[in-house]
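Below is one structure, written out as structure tokens, with a few remarks after it.
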Amino acid sequence: MPELDIVPSTDGEVLLRAEGLVKHFPLKEGIFFKHQVGSVKAVDGVTLAVRRGETLGLVGETGCGKSTLARSIMRLYPLTAGRLIFDGADLSTLSRSRMRPYRRGMQMIFQDPYGSLNPRRRVGSIIGDPLAIHKMAKGAGRTKRVQELMEVVGLNPEHYNRFPAEFSGGQRQRIGVARALALHPKLIVCDEPVSALDVSIQAQIINLLDDLQAEFGLTYLFIAHDLSVVQHVSDRVAVMYLGKLVEVADVKDLYSTPRHPYTNALLSASVVADPDKARSRDRIILSGDVPSPINPPSGCRFHTRCPKAQALCSTEEPQLRSAAGDPASHQTACHFPVADGEKLASEKAAILHAVEGFLAEAPSVGAGSREASAT
Amino acid sequence: MSLSTVEVSTAAAPTEDAAAKGIQGRTPLQLVVARLRTDRVAIASIVMILLIVLLAICAPLIAHVTGHSPTEANVDTGTDANGQPLPPGSAGYLLGTDNLGRDILVRIAYGAQISLLVGVLATAIATVIGVVVGLFAGYYGGWLDSILARIMDVVLSFPYVLFAIVLVSVFGASLPLTILVIAFFSFAAIGRIVRGQALSQREKEYVEAAHSLGAGDIRIMFVDILPNLVAPVIVLATLLIPAAIIFEATLSFLGLGVEPPTPSWGNMLSDAEGVGFQAWWFYIFPMLFLLATTLSFNLLGDAVRDALDPRTERIFAARRKRKPV
């Protein structure tokens, strides 16, 4: 795998760099003597860099390997291949005990505010856990520090002795944030931190994360499948499909001129709150399902569903590079990137138009539905 | 519930504003205690167990007051003119005497000491071993789990009386040996439950969170996973105590446990062998105490299990409803 410099060196210092990161989960068979029959290629060669102080959004649909990438970066799994460089140190092959000192610099916020907090332990001891593990504070000092952290994330420090079950979902996620902050990390990997929360609570947590970033100079790797959330929080966005990055760009560029057909499809599928606008938009509807990561397609992994696919796509794998006219920070892994103003339409979209046409021709049904939508 | 009102009033310390604090959350322990308090069977079992503990503690006092040793025959007063044992209610002998003229009440009190000591100590040892073995097997999995799980299966399917006979014939009967044998045959019951629970708990996201904080395996096992296993372990341990007491009585009855003349309920029953209906008090009283003790612990174990599992609230409700009005 050729080494790619995604970030121009003038663009600030790189805090975390993953080079050709691979994580395969072996599939084993056999009753007594297990032998490997294949592997789930959850992350299959991801190269990315996170700059100090920025928020890098990572989007992709369910099962594309976002969470596996996050956990690989946190070194919760041994890596299958690739290099992981954090703050100048190569973490890719460190053992669990050798890894421990580096964990001070990188922490994680988990998706599920219910599952990620031990139900049988008090909030004070959960938040104080990182301090205890890294022997940073003891006794009254730890209590004081934990209560400070609770105040920072907007929890009542008096609730120190409560159990997680006594808090709401949003409050629990604040507990998770406080735990991640306890060691003053440089990088926080946020694995869908708001997707399990109500929309109103989502905004609170996102604003909290924003404030904390400004206050402590944090760097975020922010994983989500909600494109509007990612647009709001990110400086740059990386799009993932079936274990690989397909497009990386500054947030403005990605949302205004998406180059990869998959990014186009993803953006066209995002929910728009205004029904009139939603109607006028062209939706790109992809045919088929995501292929199995056990046996991914050859060449470009998206070619089986891509409206622009050609013979080349199934034989040669495209590398991340800047398309003509794009800034160096905007990189796309596509042989035939989408040009400005180009419309991607698929057959299914045409069927939808046909349905609308049918509704328009049938006056009784059409009029009724139009009246209903007008009121 | 009466408990909650008590709590609110005690929580309102003079320095703190009770109204501002609002409703006090209840810890799992408080909830369990509150549920146990509504369960009359549990209360009765606890009272019974406390009475037996009191009897065991007061054994030297009883011996002192009556002036009867638990092991030595009372040659002058312990038998009637024909040298026969005294029935219950005889002067100075509430529960009568045995064929050597020893006071059965004093012997039962000392026997209670043995039974409770064996029951609690053997269960404690079995619980510690079972929790450690189960946690290691369930948490690490793989070959370690295969080995430890097979060992536990073997222990559970072992003919333990035969094993005890062999051990006693090699080392000679003694109280510590009895306790160790019982602990050895009990740990697997707890170990299997803990293993199964640990297997499911280690997949939880909070374990992953602990990993990401840099926690070591030992810390994850004993600080993170163990608190989630407390409920089943407590229930099982409570139910193991009566099993251990019966185990001890069985061994002593067979002459493999506590050595005579030290009294134990088991060897008292053994002494009563062959006396038939003539001296019924030889076996009735040790049997009654054995029954009362094991029954109380068993009922308490069931009550604790119900109290620890919030889902059984419905069972309680149904039980209350079913009662004839």
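Chain order of the listed sequences is R and L. For the first sequence, position 335 matches number 335 in my numbering, and the numbering has no gaps at all. For the second sequence, position 323 matches number 1323 in my numbering, and the numbering has no gaps at all. In this text, a Cβ means the ideal position worked out from N, Cα and C, and glycines have one as well.
Contact belief for residue i with residue j at Cβ below 8 Å, rounded distance in angstroms
i, j, result
"R:V50", "R:L69", "Contact flag wrong, Cβ pair sits at about 12 Å."
"L:T1000", "L:S1169", "The shown model of chain L, from 1001 to 1325, leaves out residue 1000 of chain L, and the question about it has no answer."
"L:L1240", "L:T1178", "Actually they are not in contact, since the Cβ atoms of L:L1240 and L:T1178 sit about 15 Å apart, beyond 8 Å."
"L:D1098", "L:D1224", "In fact, because the Cβ distance is near 55 Å, the residues do not count as touching under 8 Å."
"L:P1232", "L:I1193", "5 Å"
"R:A178", "R:V152", "7 Å"
"R:L58", "R:M240", "6 Å"
"L:L1269", "L:P1286", "5 Å"
"R:H330", "R:L312", "At roughly 22 Å, the Cβ-Cβ gap does not stay under 8 Å, so R:H330 and R:L312 are not in contact."
"R:L48", "R:L245", "6 Å"
"L:T1294", "L:I1234", "So it is not a contact: roughly 18 Å between Cβ atoms."
"R:V248", "R:L320", "7 Å"
"R:I127", "R:M108", "At roughly 15 Å, the Cβ-Cβ gap does not stay under 8 Å, so R:I127 and R:M108 are not in contact."
"R:G105", "R:D129", "That belief does not hold up - the Cβ atoms of R:G105 and R:D129 are roughly 17 Å apart, past 8 Å."
"L:L1256", "L:A1164", "5 Å"
"R:D42", "R:G60", "In the sequence as presented, Asp is not what sits at residue 42 of chain R; that position holds Ala. Rounded, the Cβ-Cβ distance is 12 Å, inconsistent with contact."
"L:R1202", "L:G1138", "7 Å"
"R:P337", "R:R259", "4 Å"
"R:S292", "R:H303", "With a Cβ gap of about 15 Å, R:S292 and R:H303 do not count as contacting."
CB contact flag (residue i, residue j, <8 Å)
i, j, result
"R:V250", "R:D226", "For the record, residue 250 of chain R in the displayed sequence is Asp; it is not Val. No; because the gap between Cβ atoms is not below 8 Å, this pair is not in contact."
"R:C190", "R:L209", "yes"
"R:P318", "R:L242", "no"
"R:L175", "R:L155", "With the sequence shown as reference, residue 175 of chain R is identified as Ile, and Leu is not the correct amino acid for it. Cβ distance < 8 Å, so R:I175 and R:L155 count as in contact."
"L:R1107", "L:P1260", "no"
"R:S228", "R:S270", "yes"
"R:A238", "R:L91", "no"
"R:P261", "R:L187", "no"
"L:A1112", "L:A1173", "no"
"R:K28", "R:Y77", "no"
"L:A1081", "L:I1125", "no"
"R:E19", "R:G82", "yes"
"L:N1074", "L:D1039", "no"
"L:G1096", "L:P1087", "yes"
"R:R124", "R:T143", "Before going further, note that residue 124 of chain R is Gly rather than Arg in the sequence given. For R:G124 and R:T143, yes; Cβs fall inside 8 Å."
"R:I73", "R:L221", "yes"
"L:L1213", "L:S1045", "no"
"R:F284", "R:A265", "Note that residue 284 of chain R is Ile in the sequence shown, not Phe. Yes, the pair counts as a contact, with Cβ atoms nearer than the cut-off."
"R:R172", "R:P119", "no"
"L:I1114", "L:V1258", "yes"
"L:V1161", "L:L1148", "no"
"R:R305", "R:S287", "yes"
Chain-ordered chain R contacts of residue i [CB-CB under 8 Å]
i, result
"L:N1228", "N118, P119 and R120"
Partner residues on chain L for residue i, Cβ-Cβ distance less than 9 Å
i, result
"R:I133", "A1210, L1213, G1214, A1215, G1216 and R1219"
"R:G299", "None at all; the shortest Cβ gap to chain L is about 35 Å."
Beta-carbon neighbours of residue i, restricted to chain L and to distances below 8 Å
i, result
"R:P130", "L1213 and G1214"
"R:G115", "K1204, E1205 and Y1206"
Chain L contact residues for residue i, given Cβ-Cβ distances below 7 Å
i, result
"R:G217", "The contacting residues do not exist; R:G217 stays about 21 Å from chain L at best."
C-beta neighbour in chain B for residue i, strict 8 Å
i, result
"L:T1123", "No chain B appears in this structure, whose protein chains are R and L."
Give, in chain order, every residue of the region 1201-1224 of chain L whose Cβ lies closer than 9 Å to some Cβ of chain R. Against chain R - using a Cβ distance shorter than 9 Å - the residues of the region 1201-1224 of chain L are K1204, E1205, Y1206, V1207, E1208, A1209, A1210, H1211, S1212, L1213, G1214, A1215, G1216, D1217, R1219, V1223 and D1224.
Alpha helix (DSSP H) runs wholly inside the region 1233-1286 of chain L, at least 4 long, in chain order: When DSSP assignments are scanned along the region 1233-1286 of chain L, the uninterrupted stretches of alpha helix (DSSP H) that are 4 or more residues long and fall wholly within it turn out to be 1265-1271.
Can you give me, in chain order, the residues of the region 79-111 of chain R that have a beta carbon less than 9 Å from any beta carbon in chain L? Going along the region 79-111 of chain R in chain order, one finds R96, S97, M99, R100, P101, Y102, R103, R104, M106, Q107, M108, F110 and Q111 with a Cβ nearer than 9 Å to chain L.
What ranges does the alpha helix (DSSP H) occupy inside the region 7-37 of chain R, keeping only unbroken runs of at least 4 residues that lie completely in it? When DSSP assignments are scanned along the region 7-37 of chain R, no uninterrupted stretch of alpha helix (DSSP H) that is 4 or more residues long falls wholly within it.
Short-range partners of chain L found in the region 52-77 of chain R, where Cβ spacing is below 7 Å: Going along the region 52-77 of chain R in chain order, one finds M74 and L76 with a Cβ nearer than 7 Å to chain L.
Which parts of the region 102-152 of chain R are runs of the alpha helix (DSSP H), unbroken and 4 residues or longer, counting only runs that do not cross its ends? Fully contained in the region 102-152 of chain R are the following alpha helix (DSSP H) runs of length 4 or more, in chain order: 123-133 and 139-152.
What alpha helix (DSSP H) runs, 4 residues minimum, are completely inside the region 1186-1225 of chain L? Here the runs fully enclosed are 1205-1213.
Could you pull out every unbroken beta strand (DSSP E) segment of at least 3 residues lying fully inside the region 1059-1100 of chain L, listed in chain order? Assignment of beta strand (DSSP E) within the region 1059-1100 of chain L, counting only whole runs of 3 or more residues, yields no such run.
Ignoring anything shorter than 4 residues, give me the alpha helix (DSSP H) runs that lie fully in the region 1102-1185 of chain L, in order along the chain. For the region 1102-1185 of chain L, whole alpha helix (DSSP H) runs of length 4 or above, ordered along the chain, are 1104-1140, 1142-1156 and 1160-1171.
My parser needs the alpha helix (DSSP H) runs of 4 or more residues fully inside the region 217-263 of chain R; what are they? Counting whole runs of 4 or more residues, the region 217-263 of chain R contains the alpha helix (DSSP H) stretches 227-233 and 251-256.
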